[in-house]
Each structure stands twice: as structure tokens, then as C-alpha cells.
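Residue numbers (our numbering): 409 to 986.
Positions of the beta carbon are idealized from the N, C-alpha and C atoms, including for glycine.
Structure, as C-alpha cells:
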């Protein structure tokens, strides 16, 4: 934070130069810590592959979007050669495949000063296995190249080739070691061809089971569409007679859940704490209970045990699913051993959530929808989001996927934006009071919220602070706390552009007092009926009007209360103004 003040206020060129170096070093340090965490997991055997169905075009689009600007910033050409006949969907560990490709592409940009990089992807059918292909990936650069006797050193941990020559190039020397280890876990190996002073080619092949043989088609068109459009998931089930309870101390997580299940017509009750959940389970019978693991005062495990031990509790035998951001090896078994019936990692995946609903809801309460319901709609993303996506500031695709729809994403992003100052104060207070337990819980909650809306940088930094809190690494927290809050606060400036509606308001008619009186009455009635759809519709209709300056504070409070499903607050705001 102090360094950021120097950058903003200092006029001395030398000091500014030093300060930029400090800022850059801070970013590099976070990258180093991430590499070490992955390396440690691999060494300890705690990193496991997760095989899931994935879209080849999505993976490739993400990789191109990530590296395109970096190459352009260095004046490098970046060429993509993708076989249009590659099967559209495969089975594999999408996240780790991305990590492998990203490591190689990033190195190619780092070690290339002129010329360019070619990213090549093709495939080959396997004669002896009808449903499996070899996915071939090669990355060619015109960089500095590697001496033949140095190629083996490339994969040694913490070792960098020609340290003196490459001293200005950032990195830990772990990236290629991690890449090699991940490929070996996938039954592959990295091939390296290099001519010293002329460039290198890194290639590998992965056996991947085919999920959909339809070809990906023209990649250039797919990439352009991925920047401009997003496909919205459609629900597979309806269950209007089912009732579930969702417990989480993070209001955004509760809203995500409601958004993802909105079209299923399931009745959803929410609780912000373990004690509140227990009180609700004594009053109502639920078909499933979803329980966050990490909550202040009483965590999910303690709450689960309390419910199970109450013989007069109508939900003592109800299926309870653990919600957690802890996706490390062995976590699932740990939660099942504690008595949970299932496990769902955050950010919540709509398909996995519905799989659990189909598994645990009574058959007579679930209606599986036909194929027509599985079709998807295309949403055109506003221009500002296209730019934020291209600049890797906000992962719009993940945000929409995690939220369930573009409208839900916008609602959650607004909550994230308006709560930044409050969250900064909460985290900073815990830090100043040396309350590391509460600090860890607060950054854990922020990590979850950030990942939901696609603020991945904030989420990753919060994860590092959470890990430090769990491990009692106070020095790491002290060294990174101010930098993290400064970065988090800066993110508010990025989002301000999204929610700065004043420019548009000048072109809208102003809502007159009579209209506002009618709207307030409608809002109060909708709140009394707990009709969130009606509330959303009213606020959406009012987007066509500008709100008078004298009513803006009240209007914003009402909108925040609606976003938080706080019906009593809506009624209270309107009544107090009368």
C-alpha cells in the first residue's frame, strides 16, 4: 500500500523506477509461492488428477487469450495452427492441461526477444482404442534456444539454465519441473528440440477419451465468438415440491445457490450460521441440507454433529452435503468420515450440483426435463466485459458459469463491488487485532466470492493468505496483508467503470414522485410475499429511468437489500421513509 502511494504521488523519476521494481517484485513473489505450493503437493503425493468432460475449444481459447497480449507487448508475432477436425469434447484434467500449456507458452514469451511463437494443436486416432485419441500439442519459438547439454537441467527443481545470461528473466526454475511431473502423471512426456541461438520446440501428446466426435471447426471463428458471447447452462430438472436448506456465512454463496437452482423451482431456505441452520432444521423438514465447512463460531462439522445428535430433530437423518473450497487429495474422504453424505467443491458447478440433487432428492419429487431443456442460449457480452476479459482482469466465462446466468452474474458482481470497502475494513480489523483465526475465515470467504465472479487474481491471493493463516505463518500475512488490501481496493476502481451508470442516467427520463410512490408500494408488497422474482422485475423495469438525487441513497439501499434477499430490510426502509 505504501509503495502504491509512492507510485501515485512521487515525481522523482529515480524513486518511481525503484518503486516500479518493488511492485514487480511483489507480483513475482506471488508467482513463486504458487509454484512452490504446486511443487510441494507433487512431492508429497497430494496432487491428484481430476478427469472430467471438457471443451477443447474453450481450453485453447483461454490459452490464446492469456498469451496473446503478452506476446504483443513484446512485439512478437503469435500464430495459432489448430486442426479443425479435433473432436469437440474430451475427457481429462482440464485445469492441469491448461497449466502445462500455460507454463510452456509463458516460457516461450519470456525467452523470445524477436520473431514469434507458433502454437500448434493436432490429433491422431488410435487404431487399437476406438474411443481415444492422441492430442498433440507443440509450441515453437524463435527464442534464445538451449544448449544440448543443458536440456536435462531444464527439468531440475530450482535450477535455471545459463543463470548469468538469463538473470533478467523472472521465474523460480520450478515451472518446467512441474510441467514434466504433471505430464508423467498423465502418462506422457515433454519432448524438447532446440538450436542454441535459434529457438526451441516443446511438444507432448496426451491420450484423451473422446466425449464428442463433432469437430471443433474453424478456431479463429471460435476464438472471436468466445470473446463476444457466452453459452448459458439450462437446468435438467424441476422439483417444485422439494425443499432444501443452504447454510453459508457468505451471502454471495447463498445467492449463487439460489441463482443456480432458480429454474428448478426447488424451495430454498438459507442460513448464515450453524446455529441458525439448527434452528431451521428443528422447524422444517428438508430433503437435502447443504452445509459450508468453514464458518465462524460453529463450523459445518460441528453443526452436522449437533443435528445428528438431536433425536427430536426431523432432519437427524437428512442427507447433508458439505460445501467447501478445500479440493486437495483426501478431502472428500475426510468429510465422508465426519458423517457428510456428499461433497461439493466451490465455486459450485451446476452440473455436479444437479447430479447430487438427482441422487439425493426423493424420486417422486424430481422431474427430469427433456432434451429441449438442455439447449443453450447465447448471451452477447457488453463491450466493457470483452475488454476486461481480453486484459485478463475478469474471467467472465467462469463468472457466468458459476452464477448460472448473465443476470445473476451481474447481480453478484454488484454485491462484490459494493461490499469491497466493508470487507477491507473487516479483514484489516482482524489483522490489527491479531485475530488470525477470524482473519483466516474472512480471507477464506473473500476467496470464495472472488472466484465466483471470476476475479481470479484476488481469489488466488486470498488463498495464499488463507493457507498462511491455517499454517500459522504470521510473517507471510504481515508481509502481504497491505499489498493484498491495496490490490483488492484497486479492483474496485476496475469495477467502478462497469457500474458507473451516471453517464447513462443523463439520457434517461427521471422517475417522478408519483411513479416512485407506486414502485415503493410494489416493492413492499413483493418483499412481504418474499417474491424475489417480482423484486428483480421491478428493479429491471426501473433501469429505464434515472433516480432523482434525493432518492438515490434510499434506492441503492433497497437494491442491496433485494440482492441480499433481506425482505425485512426492504419493508423497514420503505416504512421509515413514510
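- Mind listing, in chain order, the continuous alpha helix (DSSP H) runs of no fewer than 4 residues lying wholly within the region 461 to 502? 464 to 481
- Whole angstroms is fine: what's the gap from residue 507's alpha carbon to residue 589's? In the chain shown, the residue the question calls residue 507 occupies position 99. In the chain shown, the residue the question calls residue 589 occupies position 181. Their Cα atoms are separated by approximately 12 Å.
- Message: Do residue 750 and residue 764 have their beta-carbon atoms positioned less than 7 Å apart in this structure?
- Response: To locate residue 764, count along the chain shown from 1; it is residue 356. To locate residue 750, count along the chain shown from 1; it is residue 342. Cβ atoms of residue 764 and residue 750: closer than 7 Å.
- Keeping to the same chain, check which residues put their C-beta closer than 7 Å to that of residue 721; ignore five residues upstream and five downstream. Here residue 721 refers to the residue found at position 313 of the chain shown. So the list reads 689, 690, 715, once near-sequence residues are dropped.
- Those residues which DSSP pairs with residue 609 across a bridge: In the chain shown, counting from the first residue as 1, residue 609 sits at position 201. According to DSSP, which records beta bridges pairwise, residue 609 is partnered with 548, 601.
- Query: residue 729 and residue 645: beta carbons closer than 7 Å?
  - Reply: Translated into the one-based positions of the chain shown, residue 729 becomes position 321. Translated into the one-based positions of the chain shown, residue 645 becomes position 237. No.
- Item | Residue from 498, 528, 492, 495 with nearest C-alpha to residue 509 | Locating residue 509 in the chain shown gives position 101, counting from the first residue. Here the closest residue by C-alpha is 528.
- Specify whether the region 698 to 714 and the region 645 to 663 touch according to this definition: at least 3 beta carbon pairs, one from each stretch, less than 8 Å apart. yes
- Task: Helix, strand or coil for residue 724, going by three-state DSSP, please let me know.
- Result: As a working mapping, residue 724 is identified with position 316 in the chain shown. It is coil, neither helix nor strand.
- Task: Could you please give me the residues that DSSP links to residue 623 through a beta bridge?
- Result: The residue given as residue 623 occupies position 215 in the chain shown. Partner(s): 495.
- Endpoints, the alpha helix (DSSP H) within which residue 821 is located: If you number the chain shown from 1, residue 821 lands on position 413. 814 to 826 is the extent of the alpha helix (DSSP H) around residue 821.
- Task: Take the Cβ of residue 584 as the centre, count every other Cβ of all protein chains shown within 10 Å, and call the residue buried at 16 or more, exposed below.
- Result: What you label residue 584 is simply residue 176 of the chain shown in a count that begins at 1. The residue in question, residue 584, is buried, as its Cβ has 16 or more Cβ neighbours within 10 Å.
- Message: For the region 664 to 682 against the region 870 to 882, do three or more pairs of beta-carbon atoms, one drawn from each stretch, fall closer than 8 Å, so that the two count as touching?
- Response: Cβ pair count under 8 Å is below three, so no.
- Distance, residue 536 Cα to residue 866 Cα: Walking along the chain shown from the start, residue 866 turns up at place 458. Walking along the chain shown from the start, residue 536 turns up at place 128. Cα to Cα, the separation comes out at about 46 Å.
- Query: DSSP three-state call for residue 918: helix, strand or coil?
  - Reply: Your numbering for residue 918 matches position 510 in the chain shown. Per DSSP, reduced to three states, the secondary structure at residue 918 is strand.
- Message: Taking the straight line between their C-alpha atoms, what separation do you get for residue 533 and residue 613?
- Response: By 1-based counting over the chain shown, the position of residue 533 is 125. By 1-based counting over the chain shown, the position of residue 613 is 205. Roughly 12 Å separates the two Cα atoms.
- What residue range is occupied by the uninterrupted beta strand (DSSP E) comprising residue 753? Working through the chain shown from its first residue, we reach residue 753 at position 345. 750 to 753 is the span of the beta strand (DSSP E), which, as asked, contains residue 753.
- Query: For residue 907, which residues from the same chain have a beta carbon less than 7 Å from its beta carbon, with the 5 sequence-adjacent residues on both sides left out?
  - Reply: Residue mapping note: residue 907 aligns to position 499 of the chain shown, counting from 1. Taken in chain order, the residues that qualify are 822, 825.
- Own chain partners of residue 502 with C-beta closer than 7 Å, once the 5 adjacent residues on each side are dropped: Within the chain shown, numbered from 1, the residue matching residue 502 stands at position 94. Within the same chain, residue 502 has close Cβ partners 460, 462, 467.
- Hey, quick one: how far does the alpha helix (DSSP H) through residue 644 stretch, first residue to last? The sequence position of residue 644 within the chain shown is 236, counting from 1. Premise fails: residue 644 is in no alpha helix (DSSP H) and is neither H nor E.
- Message: Output needed for residue 850: all residues of its chain with C-beta closer than 7 Å, excluding positions within five of it in sequence on either side, in chain order.
- Response: As a working note, residue 850 is residue 442 in the chain shown. Contacts found: 834, 835, 838.
- Tell me which same chain residues have a C-beta within less than 7 Å of the C-beta of residue 669, skipping the five on either side of it? One-based indexing of the chain shown puts residue 669 at position 261. Cβ neighbours of residue 669 beyond the five flanking positions: 676.
- Where does residue 776 fall in DSSP's three states? The residue labelled residue 776 in the question sits at position 368 within the chain shown. Strand.
- Item | Nearest-angstrom Cα separation, counted from residue 818 out to residue 964 | The count along the chain shown starts at 1 and reaches residue 964 at position 556. The count along the chain shown starts at 1 and reaches residue 818 at position 410. Using only the alpha carbons, I get a separation of about 15 Å.
- Which full runs of the alpha helix (DSSP H) of 4+ residues lie inside the region 644 to 708, going along the chain? 659 to 669, 682 to 691
- Query: Looking only at its own chain, which residues have a Cβ that is under 7 Å from the Cβ of residue 769, when we skip the five neighbours before and after it?
  - Reply: On the chain shown, residue 769 is found 361 positions in, with the first residue counted as 1. Closer than 7 Å at the Cβ level, and outside the excluded window around residue 769, lie 647, 650, 695, 696.
- Query: If we count the other Cβ atoms within 10 Å of its Cβ and call it buried at 16 or more, is residue 747 buried or exposed?
  - Reply: On the chain shown, position 339 is the one that residue 747 refers to. Under this definition residue 747 is an exposed residue.
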